[in-house]
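Q:
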Amino acid sequence: MPFFLVLMVLALFFTVHFTVVYRLCYLLRESSLKKSLYWTFASLLSVPLLLVSFAFETALLNAVCLYYTTFIFLLFFITLFYMLVFRIGYLKGRKKLELSLVFLTLFLYVSYGIVNANRFVVKEVHLESAKVHSPVTFVQLTDTHIGSKSPVYFDKLIEEVNALEKDFVVITGDLIDMPHIQFNDLKALNTISVPVFFVMGNHDVMARMSPDFFKASRVMVLNNEKAVFNEDLDITGINFYDPDNAFETRKVEDLISHIDLDNSKFNLALNHEPIQLQPVIDREMDLQVSGHTHSGQIFPFNYVVKLRYDYLYGLFKLSEHTQLYVSSGAGVWGPNMRVGSKNEIVLFKIKPKNR
Numbered sequence: 000m001p002f003f004l005v006l007m008v009l010a011l012f013f014t015v016h017f018t019v020v021y022r023l024c025y026l027l028r029e030s031s032l033k034k035s036l037y038w039t040f041a042s043l044l045s046v047p048l049l050l051v052s053f054a055f056e057t058a059l060l061n062a063v064c065l066y067y068t069t070f071i072f073l074l075f076f077i078t079l080f081y082m083l084v085f086r087i088g089y090l091k092g093r094k095k096l097e098l099s100l101v102f103l104t105l106f107l108y109v110s111y112g113i114v115n116a117n118r119f120v121v122k123e124v125h126l127e128s129a130k131v132h133s134p135v136t137f138v139q140l141t142d143t144h145i146g147s148k149s150p151v152y153f154d155k156l157i158e159e160v161n162a163l164e165k166d167f168v169v170i171t172g173d174l175i176d177m178p179h180i181q182f183n184d185l186k187a188l189n190t191i192s193v194p195v196f197f198v199m200g201n202h203d204v205m206a207r208m209s210p211d212f213f214k215a216s217r218v219m220v221l222n223n224e225k226a227v228f229n230e231d232l233d234i235t236g237i238n239f240y241d242p243d244n245a246f247e248t249r250k251v252e253d254l255i256s257h258i259d260l261d262n263s264k265f266n267l268a269l270n271h272e273p274i275q276l277q278p279v280i281d282r283e284m285d286l287q288v289s290g291h292t293h294s295g296q297i298f299p300f301n302y303v304v305k306l307r308y309d310y311l312y313g314l315f316k317l318s319e320h321t322q323l324y325v326s327s328g329a330g331v332w333g334p335n336m337r338v339g340s341k342n343e344i345v346l347f348k349i350k351p352k353n354r
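Under numbering that gives the first Met the number 0, think of the first position of the sequence shown as 0, with each following residue one higher.
(1) Look up residue 55 in the DSSP assignment and say whether it is helix, strand or coil.
(2) Quick one: what's got a C-beta closer than 7 Å to residue 203's C-beta in the same chain, skipping five residues either side?
(3) Would you check if there are 3 or more beta carbon pairs closer than 8 Å linking the segment 256-274 to the segment 130-148?
(4) Can you give me the C-alpha to C-alpha distance between residue 341 and residue 68, rounded to a whole angstrom?
(5) What does the alpha-carbon distance come out to for the pair residue 332 and residue 116?
(6) Which residue or residues does DSSP assign as beta-bridge partners of residue 289?
(7) For residue 275, collect the residues of the same chain with a Cβ closer than 6 Å to its Cβ; drop the 5 residues on either side in sequence, then sort them by chain order.
(8) Between which two residues does the alpha helix (DSSP H) containing residue 277 stretch?
(9) Where do the N-terminal and C-terminal ends of the beta strand (DSSP E) with residue 141 fall, by residue?
(10) What residues are listed by DSSP as bridge partners for residue 74?
(11) Just to confirm before moving on: does the CB-CB distance between residue 188 and residue 237 stay below 9 Å?
(12) Since residue 268 is in the beta strand (DSSP E), which residue starts that stretch and which ends it?
(13) Would you report the Cα separation of residue 323 and residue 271, rounded to the nearest angstrom?
(14) Identify whether residue 247 lies in helix, strand or coil by the three-state DSSP scheme.
(15) Quick check: the segment 147-158 against the segment 239-254, are there 3 or more CB pairs under 8 Å?
(16) Hey, quick one: how far does the beta strand (DSSP E) through residue 314 stretch, first residue to last?
(17) Measuring only the C-alpha atoms, how far is residue 153 from residue 261?
(18) Run through the segment 141-221 for me and flag every whole beta strand (DSSP E) of 3 or more residues, listed as ranges in chain order.
(19) Taking residue 308 as the reference, which of 222, 295 and 318 has the closest Cα?
(20) Assess contact between the segment 153-170 and the segment 310-328, defined as three or more Cβ pairs (one per stretch) separated by less than 8 Å. Is contact present?
(21) Work out the CA separation of residue 79 and residue 19 for me, nearest whole Å.
(22) Leaving out five residues on either side along the sequence, give the residues of the same chain with a beta carbon under 7 Å from the beta carbon of residue 75.
(23) Would you grab the beta carbon distance between residue 293 and residue 327 for me? Rounded to a whole angstrom, and I think it's under 8 Å.
(24) For residue 343, which beta-bridge partners are listed by DSSP?
(25) Any contact between the segment 177-184 and the segment 207-227? By contact I mean 3 or more CB pairs, one from each, below 8 Å.
(26) Quick check on residue 235: buried or exposed, where buried means 16 or more other Cβ atoms within 10 Å of its Cβ?
(27) If you draw a straight line from the alpha carbon of residue 216 to that of residue 186, how long is it in whole angstroms?
(28) Find the nearest neighbour of residue 110 within the set 82, 83, 338 and 302, judged by alpha-carbon distance.
(29) Taking all protein chains shown into account, decide if residue 11 is buried (16 or more other Cβ within 10 angstroms of its Cβ) or exposed.
(30) Let's see if you can read the secondary structure: which residues bound the beta strand (DSSP E) around residue 232?
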């Protein structure tokens, strides 16, 4: 990470810790000495966590850093909100009430987030195309993050997928996020009676998913290649992650240039991350389905994710020929919480359009 960016991150953490600890010390009416000690300890706590995380890339340390960062920022936003509220009228100076509300809000927020993260919905997306002669229905499953989420949760997802009428299933990456997860943990995939197509996500790469991970299954892995589903529809799987470093990406334009597309058919593109879209538009693919963004997962962090991704969640028209759907995903990464977003299984229904 560039030195300037490290300084910016540390400055941000310093500001967040200063605001939280300064306000809480004020509400607790601690002495000046105790305030100084609390402030110094809390402000510096983030520094070793961040530096250790950068220096030693381990799942445990990253999880600790991620959980800590999430909760300190949540506390920051809540504290800042009540700092503003308690400057108004009769509320001004009511320290005990403010302190109680800060922690009550945090408790309710986290409790709701945990409950919501363990539920999922089926989202239907309806499309029309003159390229299909009969209705086509398929399911998108993405960002299940098994490892962070349990195999038992995955079994429930697949049970719901099996209950849906469909022609095929696509899994658009981040199926797993821990190296200890093996196909035996996901054997429910073998209960799906229709074809299943899979593309890698960044967490699959980081979890060192083996090339023969799906050897004992009927799952078809599409690694920058096309599969013919039927006379109306082809499926192209795009994997632009460097196999040795998920933080490095390759050019989609180069990866799909060799693929012979039949534009008289409906061309479905699978790509985990909704970026590098121009090559898909240029090839006049009809629909790309993606995930990765989690729709921000936890409010208000969705605004931060939006700074990185133009397409956070939902259906978007990219050109006259091409549409994009970005799913919020069926699982979570980091804190097992969802606020302002939902886990979803997506059911696409494409019907013939009058020519």
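Virtual Cβ for every residue (Gly too), placed ideally from N, Cα, C. What you are looking at is a predicted structure, and each value in this text was computed from that prediction instead of being measured.
A: On the basis of the coordinates in this document:
(1) The predicted position of residue 55 is uncertain, since its pLDDT is 49 and thus under 50; no value can be drawn from it.
(2) These residues qualify, in order along the chain: 172, 173, 174 and 175.
(3) Enough Cβ pairs lie closer than 8 Å, so yes.
(4) Spanning the alpha carbons of residue 341 and residue 68 requires a straight line of approximately 22 Å.
(5) For the pair residue 332 and residue 116, the Cα-to-Cα distance works out to about 10 Å.
(6) 325.
(7) Annotation for residue 275: 251 place their beta carbon closer than 6 Å to its own, counting only its chain and skipping 5 residues before and after.
(8) Going by DSSP, residue 277 is part of the alpha helix (DSSP H) stretching over 277-281.
(9) Neither: residue 141 is in no beta strand (DSSP E) and is coded neither H nor E.
(10) Paired residues: none, contrary to the question.
(11) For the pair residue 188 and residue 237, the CB atoms are not nearer than the 9 Å cut-off.
(12) Residues 265-270.
(13) Between residue 323 and residue 271, the C-alpha separation is close to 12 Å.
(14) Correct three-state label for residue 247: strand.
(15) These segments do not touch.
(16) It spans 313-316 - the beta strand (DSSP E) in which residue 314 sits, taken as one unbroken run.
(17) Across the structure, residue 153 and residue 261 are spaced so that their CA atoms are roughly 35 Å apart.
(18) Assignment of beta strand (DSSP E) within the segment 141-221, counting only whole runs of 3 or more residues, yields 167-171, 195-198 and 218-220 in chain order.
(19) Of the candidates 222, 295 and 318, the one whose C-alpha sits nearest the C-alpha of residue 308 is 295.
(20) The count of Cβ pairs closer than 8 Å, one atom from the segment 153-170 and one from the segment 310-328, stays below three, leaving the stretches out of contact.
(21) Between the C-alpha atoms of residue 19 and residue 79 there is a straight-line separation of about 8 Å.
(22) Once the five neighbours on either side are set aside, the close Cβ partners of residue 75 are 15, 18 and 19.
(23) A Cβ-Cβ separation of about 6 Å places residue 293 in contact with residue 327 under the 8 Å criterion.
(24) In DSSP, residue 343 forms a bridge with 120.
(25) In short, these stretches touch, since the Cβ pair count reaches three.
(26) Counting C-beta atoms within 10 angstroms of its own C-beta, residue 235 has 16 or more neighbours from the protein chains shown and is therefore classed as buried.
(27) Spanning the two alpha carbons is a distance of roughly 8 Å.
(28) Closest by C-alpha distance to residue 110, out of 82, 83, 338 and 302, is 338.
(29) Here residue 11 is exposed: its Cβ has fewer than 16 other Cβ atoms, across all protein chains shown, within 10 Å.
(30) Start and end: 232-237.
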